[in-house]
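Written below as structure tokens is the structure these notes are about.
There are 2 protein chains.
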Amino acid sequence: MNVLITGGAGFLGQKLARALLARGTLSGVDGSQQAIDQLVLVDVVQANDFGDPRVRVVTGDITDPALMHSLIDAGATSVFHLAAVVSGQAEADFDLGMRINLDASRLLLEACRAAGHKPRVVFTSSVAVYGGKLPDVVRDDTALNPQSSYGAQKAIAELLLNDFSRKGFVDGRVLRLPTISVRPGKPNKAASSFASGIIREPLNGEDAVCPVSPALRLWLLSPRRAIAALIAGHELSGDALGTSRTINLPGLSVSVADMVAALEKVGGPEAVARIRFAPDPAVERIVQSWPGAWDDSRARALGLEGDADFESVIRAHVEDELS
Amino acid sequence: MNVLITGGAGFLGQKLARALLARGTLSGVDGSQQAIDQLVLVDVVQANDFGDPRVRVVTGDITDPALMHSLIDAGATSVFHLAAVVSGQAEADFDLGMRINLDASRLLLEACRAAGHKPRVVFTSSVAVYGGKLPDVVRDDTALNPQSSYGAQKAIAELLLNDFSRKGFVDGRVLRLPTISVRPGKPNKAASSFASGIIREPLNGEDAVCPVSPALRLWLLSPRRAIAALIAGHELSGDALGTSRTINLPGLSVSVADMVAALEKVGGPEAVARIRFAPDPAVERIVQSWPGAWDDSRARALGLEGDADFESVIRAHVEDELS
Numbered sequence: 001m002n003v004l005i006t007g008g009a010g011f012l013g014q015k016l017a018r019a020l021l022a023r024g025t026l027s028g029v030d031g032s033q034q035a036i037d038q039l040v041l042v043d044v045v046q047a048n049d050f051g052d053p054r055v056r057v058v059t060g061d062i063t064d065p066a067l068m069h070s071l072i073d074a075g076a077t078s079v080f081h082l083a084a085v086v087s088g089q090a091e092a093d094f095d096l097g098m099r100i101n102l103d104a105s106r107l108l109l110e111a112c113r114a115a116g117h118k119p120r121v122v123f124t125s126s127v128a129v130y131g132g133k134l135p136d137v138v139r140d141d142t143a144l145n146p147q148s149s150y151g152a153q154k155a156i157a158e159l160l161l162n163d164f165s166r167k168g169f170v171d172g173r174v175l176r177l178p179t180i181s182v183r184p185g186k187p188n189k190a191a192s193s194f195a196s197g198i199i200r201e202p203l204n205g206e207d208a209v210c211p212v213s214p215a216l217r218l219w220l221l222s223p224r225r226a227i228a229a230l231i232a233g234h235e236l237s238g239d240a241l242g243t244s245r246t247i248n249l250p251g252l253s254v255s256v257a258d259m260v261a262a263l264e265k266v267g268g269p270e271a272v273a274r275i276r277f278a279p280d281p282a283v284e285r286i287v288q289s290w291p292g293a294w295d296d297s298r299a300r301a302l303g304l305e306g307d308a309d310f311e312s313v314i315r316a317h318v319e320d321e322l323s
Numbered sequence: 001m002n003v004l005i006t007g008g009a010g011f012l013g014q015k016l017a018r019a020l021l022a023r024g025t026l027s028g029v030d031g032s033q034q035a036i037d038q039l040v041l042v043d044v045v046q047a048n049d050f051g052d053p054r055v056r057v058v059t060g061d062i063t064d065p066a067l068m069h070s071l072i073d074a075g076a077t078s079v080f081h082l083a084a085v086v087s088g089q090a091e092a093d094f095d096l097g098m099r100i101n102l103d104a105s106r107l108l109l110e111a112c113r114a115a116g117h118k119p120r121v122v123f124t125s126s127v128a129v130y131g132g133k134l135p136d137v138v139r140d141d142t143a144l145n146p147q148s149s150y151g152a153q154k155a156i157a158e159l160l161l162n163d164f165s166r167k168g169f170v171d172g173r174v175l176r177l178p179t180i181s182v183r184p185g186k187p188n189k190a191a192s193s194f195a196s197g198i199i200r201e202p203l204n205g206e207d208a209v210c211p212v213s214p215a216l217r218l219w220l221l222s223p224r225r226a227i228a229a230l231i232a233g234h235e236l237s238g239d240a241l242g243t244s245r246t247i248n249l250p251g252l253s254v255s256v257a258d259m260v261a262a263l264e265k266v267g268g269p270e271a272v273a274r275i276r277f278a279p280d281p282a283v284e285r286i287v288q289s290w291p292g293a294w295d296d297s298r299a300r301a302l303g304l305e306g307d308a309d310f311e312s313v314i315r316a317h318v319e320d321e322l323s
């Protein structure tokens with residue numbers, strides 16, 4: 001079987017690729033485990049191929065129909081669609097967000113439909129589909145009311161994936177990711193970038209700016225658990241999902257103050273002293289519109305797991321990235 | 001001011017046009033009442049111009065960017081976007097539904113954005129955006145889970161209109177219409193077509209087939225109240241709408257059996273004898289997925305009104321269409 005990862009050069013794409021190569025198999029369209037013969041990583045920048053002969057790196061624009069149709073041929077039985085323009089960037093450049101987050105997602109679904117063999121499609125969505133007046137704990141049946149263009153585009157792509165699945169064009173599943181923390185690497189243009197930066201930079205001996213108040217509550221998931229959930233979400237049978245292909249993944253509900261307290265336990269007071277609070281209303285407006293927690297009982301009933309606590313999330317980051 | 005109605009040859013478009021011509025004014029972009037200088041009715045078939053010099057009839061395809069941009073110029077300050085491929089047809093012809101219900105809606109919003117003066121856009125949506133496991137009474141914060149392509153396309157267009165409004169590109173409002181009954185004219189390809197047919201045909205001395213069970217509960221609004229709501233929805237100030245531009249219009253929650261009982265009061269047992277029940281699983285599957293009632297307190301607080309009871313709806317139909 002061939003597996004495609006869009007956004008394959010990104011941090012989640014690269015971690016997922018490594019995990020799939022180690023695992024070696026995935027469910028095929030008939031549900032049986034099959035060897036991964038080829039893993040295609042497509043991105044606008046060049047992905048790492050890990051020196052593994054199963055990896056094929058494609059550098060290109062996923063809004064190009066010719067490229068997308070060439071990537072999703074009869075052999076492509078599983079697609080992980082991770083490519084996205086992040087929240088802050090989609091807010092600043094509306095047209096770019098529409099092109100990547102909406103048009104490319106639709107093109108991908110149309111290419112799968114044209115291939116005709118009902119590929120499995122795992123699509124990542126976000127806390128940003130929620131907004132407005134929210135209950136303390138968002139339920140599966142809480143209405144989407146995105147307050148950012150990124151959230152609106154993700155919500156639209158969710159609807160498309162659900163309808164393409166209902167019509168039998170794809171076997172799709174949407175995994176709504178909590179904010180991922182601690183991301184390795186550099187800050188990005190996501191409004192939530194600080195949620196990794198205030199942990200990652202101090203542990204590297206660097207200063208970090210926190211643009212939101214310590215009381216702000218976030219819904220977080222570690223990279224390790226996110227990768228495990230992407231694979232477990234792929235392996236679910238479509239029948240288990242009923243009339244909705246969308247799953248709110250488990251997370252941790254923590255305040256920024258809780259995160260700082262956990263950092264102190266791992267990195268000491270000198271790490272905490274690296275954080276400077278400097279409110280940024282544009283960031284705070286977006287992040288505050290997201291839920292601080294959602295009911296994840298459906299995900300847990302489907303076997304998807306979250307993290308134990310935020311201190312263990314930081315310790316996992318140290319193990320995976322700093323050793 | 002110039003007003004544009006898409007779907008201007010349709011039954012709602014024609015009734016709305018007549019009501020606007022009689023009224024003569026609408027709120028302009030600054031909120032003040034302004035005379036309607038020109039009323040443009042665009043549709044794929046030729047609209048009636050009522051012999052009124054203010055009416056301009058345009059016959060064309062609203063998925064054509066050149067046409068859409070020519071219709072929405074600096075003078076077009078209000079747009080009623082009613083054009084749609086109905087539920088049964090969008091289910092049978094997926095690509096046509098996507099083209100009209102999604103692509104044309106987006107094109108219209110982009111044309112408004114390009115015009116630059118933040119036109120008021122009134123967009124009609126539907127009960128069909130809901131589905132799956134629903135509470136007896138759907139609330140404003142109940143999640144959308146469309147179980148038809150029509151419903152998915154309407155839900156996507158709602159999200160676009162909300163985000164274009166939030167960004168300040170348009171001053172939009174989405175009015176979710178209950179099923180409209182009693183529609184005049186011929187049956188159409190909407191899955192809900194029977195909800196008018198089982199009243200309209202017997203009152204015309206014709207036979208009607210009901211494809212759903214008498215126990216099925218529908219959420220209904222009369223054409224008179226629908227037209228009044230379209231105009232009242234246009235006149236609302238954008239500030240009154242808060243973080244969501246979407247309003248569930250008031251309706252009547254009635255079973256098919258209730259509808260038949262009301263028909264008997266108006267048309268006698270001979271009218272009821274014209275109805276034959278012949279279940280159609282495809283129609284029942286779609287219609288059953290729609291809510292039988294929703295909480296309309298927000299709409300009522302905004303001054304939008306529903307019907308008193310279904311008997312008065314039938315009597316209004318007789319007055320408006322059969323006399």
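Protein chains in written order, with full-length UniProt numbering: chain A, 1 to 323; chain B, 1 to 323. No residue lacks a Cβ here, since even glycine has one placed at the ideal position from N, Cα and C.
Neighbours of B/G292 in chain A, taken as residues at a C-beta separation under 7 Å, are lacking, since the least C-beta distance is about 16 Å. Residue-level contact check: A/I286 does not touch chain B, since none of the beta carbons of chain B fall below 7 Å from its beta carbon. Counted as a single uninterrupted DSSP element, the alpha helix (DSSP H) harbouring A/L230 occupies residues P223 to E235.
Taking a Cβ-Cβ threshold of 8 Å, none of the residues of chain A is close to B/S165; the smallest such distance is about 11 Å. By the Cβ criterion, the stretch 314-322 of chain B is in contact with the stretch 214-224 of chain B, since at least three pairs of Cβ atoms, one from each stretch, lie closer than 8 Å. Only A155, I156, L159, L160, N162, D163, R166 and K167 from the stretch 155-186 of chain A bring a Cβ to less than 8 Å from some Cβ of chain B. The beta carbon of B/A143 sits closer than 7 Å to some beta carbon of chain A. By the neighbour-count definition (other C-beta atoms within 10 Å, threshold 16), A/E110 is a buried residue. Every alpha helix (DSSP H) of 4 residues or more that sits fully in the stretch 233-304 of chain A is shown, in chain order, as 256-267, 269-272, 281-288 and 297-301. Counting the other CB atoms within 10 Å of its CB gives A/D309 a total below 16, which places it among the exposed residues.
Taking a Cβ-Cβ cut-off of 9 Å, the neighbours of B/T243 in chain A comprise G131, G132, K133, N145, Q147 and S289, given in sequence order. The DSSP-derived three-state label of B/I72 is coil. Contact of A/A261 with chain B is not assigned, every C-beta pair being separated by 7 Å or more. With a threshold of 7 Å between beta carbons, A/A152 makes contact with chain B. A distance of 7 Å or more separates the beta carbons of B/P214 and B/V283. Contacts between B/F94 and chain A, judged by CB atoms closer than 7 Å, involve K167 in chain order. Around the Cβ of B/Q153, a 10 Å sphere holds 16 or more other Cβ atoms; the residue is buried. Per the Cβ contact rule, the stretch 123-142 of chain A is in contact with the stretch 289-303 of chain A (3 or more Cβ pairs under 8 Å).
Nearest to A/V182 by C-alpha distance, out of A/T63, A/D171, A/L203 and A/V45, is A/L203.
A/P250 and B/M98 have their alpha carbons spaced roughly 33 Å apart. The shortest CA-to-CA distance from B/D103 to any of B/R274, B/S87 and B/A83 is the one to B/A83. Judged by their CB atoms, A/V272 and A/L263 are nearer to each other than the 7 Å cut-off. Contact check for A/L160 and A/S78: beta-carbon distance about 18 Å, past the 8 Å limit, so the pair fails to qualify.
Within the same chain, and ignoring the five residues on either side of A/L236 in sequence, the residues whose Cβ sits closer than 7 Å to its Cβ are R173 and L302. Each residue's CA atom was taken as its position, placing B/E201 and B/S312 some 17 Å apart. Taking all protein chains shown into account, B/D95 has fewer than 16 neighbouring C-beta atoms within 10 Å of its C-beta and is therefore exposed. Looking at the backbone, the Cα of A/S165 and that of A/R245 are separated by about 8 Å. For B/F123, the pairing in a beta bridge is given by DSSP as B/H81 and B/V174. 7 Å or more divides the Cβ of B/I198 from the Cβ of B/V266.
Contact between B/L175 and B/V122 holds, since their C-beta atoms are separated by about 7 Å, short of 8 Å. If you look at A/S27, you'll find it isn't in any alpha helix (DSSP H); it sits in the beta strand (DSSP E) that goes T25 to S27. Residue nearest to A/F80 within the set A/A17, A/F194 and A/P281 is A/A17 (criterion: CA-CA distance).
As a beta-bridge residue in DSSP terms, B/D43 pairs with B/T59. Per the C-alpha coordinates, the member of A/P269, A/L304, A/R274 and A/Y130 positioned closest to A/E206 is A/R274.
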